[in-house]
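One structure below.
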């Protein structure tokens, strides 16, 4: 008995017979031959597309609209394998659609309970069917459902903190460090009770100019999800210079009928002031005093001086004159 050939060989043999017959029939007119060959192919293609076939389609899956208070701890399947059947023309159309489409599944479609979320197979089948021609039949979906594990989480706002050192050069001193943004939104699990920080590890910053601007990476902590991993750090510094001032010596805490006379009457105060504010810092911004509580009942001939007040925009304030001779004068009633 003659062995039957494969569909491909039978198809080739069929076309060879047709071609031979047409060549014999239209040997004198090749254009007529091509016309009949085209008609033959068209009828064969129409018949093929009207037959039923089975195929598989790969469909990517994206879970969308996950609430901020839900963290997916075990990801769902990222792709489904869908077994289909239908006419060749419908399956071809399904293949074109499947190559372009993605199945977006909203988180609200899932049934969520005790850290387990799943979407019913029937709803999943309906969502896929809506993407296909009505004549195409879905036989199976693998996996037959989409599931994921989740945990509840909460949102915190953490101020950005500087961790590092600064070194002055050319009498530049640190004014302040700013971050943009100055706070970062983070998400942590509800079961997480640790104290978290948003820290920039800047190392050593050399203060050699008025402003240093850098994009810095935040130090990440395990289990913490940051809204962003970088911030802009601005280091503001000012150049200072030394200034000496003669400040009048006054008394504090003296009784109403007692007054102070000191020798000398003024003390020399030295401070570092901003070069941009050098002329605005005057002796009137300082107060050097003798405290009555320091000398009351004392036999010492000298009184110790104190800096009672100073402006906020100076640093490293020092008294060149530490003690003075003094007299206390009583006012007669």
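In the numbering used here, the protein residues as written are 265 to 597.
Beta carbons: idealized from backbone N, C-alpha and C, even for Gly.
- Per the C-alpha coordinates, the member of 580, 395, 427, 460 positioned closest to residue 322 is 395.
- Inclusion of residue 472 and residue 436 in the CB contact set at 8 Å is warranted, their separation being smaller than that value.
- Between the region 339 to 349 and the region 409 to 418 there are three or more inter-stretch CB-CB distances shorter than 8 Å, so the stretches are counted as touching.
- Exposure of residue 527 is indicated by the presence of fewer than 16 other C-beta atoms within 10 angstroms of its C-beta.
- Proximity of the region 481 to 497 to the region 454 to 465 meets the contact definition, three or more beta-carbon pairs being nearer than 8 Å.
- In this structure, residue 392 keeps its C-beta atom at 8 Å or more from the C-beta atom of residue 383.
- Of all alpha-carbon atoms in 376, 337, 459, 496, the one lying nearest the alpha-carbon of residue 475 is that of 496.
- By alpha-carbon distance to residue 449, the top candidate from 376, 422, 434 is 422.
- Here residue 446 carries a coil assignment [DSSP, helix/strand/coil].
- Going by DSSP, residue 385 is part of no beta strand (DSSP E) but of the alpha helix (DSSP H) stretching over 385 to 393.
- Taking every protein chain shown into account, the CB of residue 381 has 16 or more other CB atoms within 10 angstroms, so this residue is buried.
- The straight-line gap separating the alpha-carbon atoms of residue 346 and residue 479 is approximately 48 Å.
- In the three-state reduction of the DSSP assignment, residue 335 falls in the strand class, which pools E and B.
- Cβ-Cβ distances below 7 Å link residue 545 to 507, 537, 575, 578 in the same chain, with the five nearest sequence neighbours on each side left out; the list follows chain order.
- Under the 10 Å beta carbon count, residue 348 is surrounded by 16 or more other beta carbons and is classified as buried.
- Under the DSSP assignment, residue 556 falls in the alpha helix (DSSP H) whose first and last residues are 556 to 559.
- When the Cα atoms are used, residue 590 and residue 439 turn out to be separated by approximately 39 Å.
- Close CB contacts of residue 569 within its chain, under the 8 Å cut and outside five residues either way in sequence, are with 513, 531, 552, 553, 554, 583, 585, 586, 587, 588 (chain order).
- Going by DSSP, residue 586 is part of no beta strand (DSSP E) at all; its letter is neither H nor E.
- Residue range 530 to 538 is occupied by the beta strand (DSSP E) that includes residue 535.
- DSSP places residue 372 in the helix class (H, G or I) of the three-state scheme.
- Secondary structure of residue 547 (DSSP, three-state): helix.
- Under the three-state reduction of DSSP output, residue 465 falls in the strand class.
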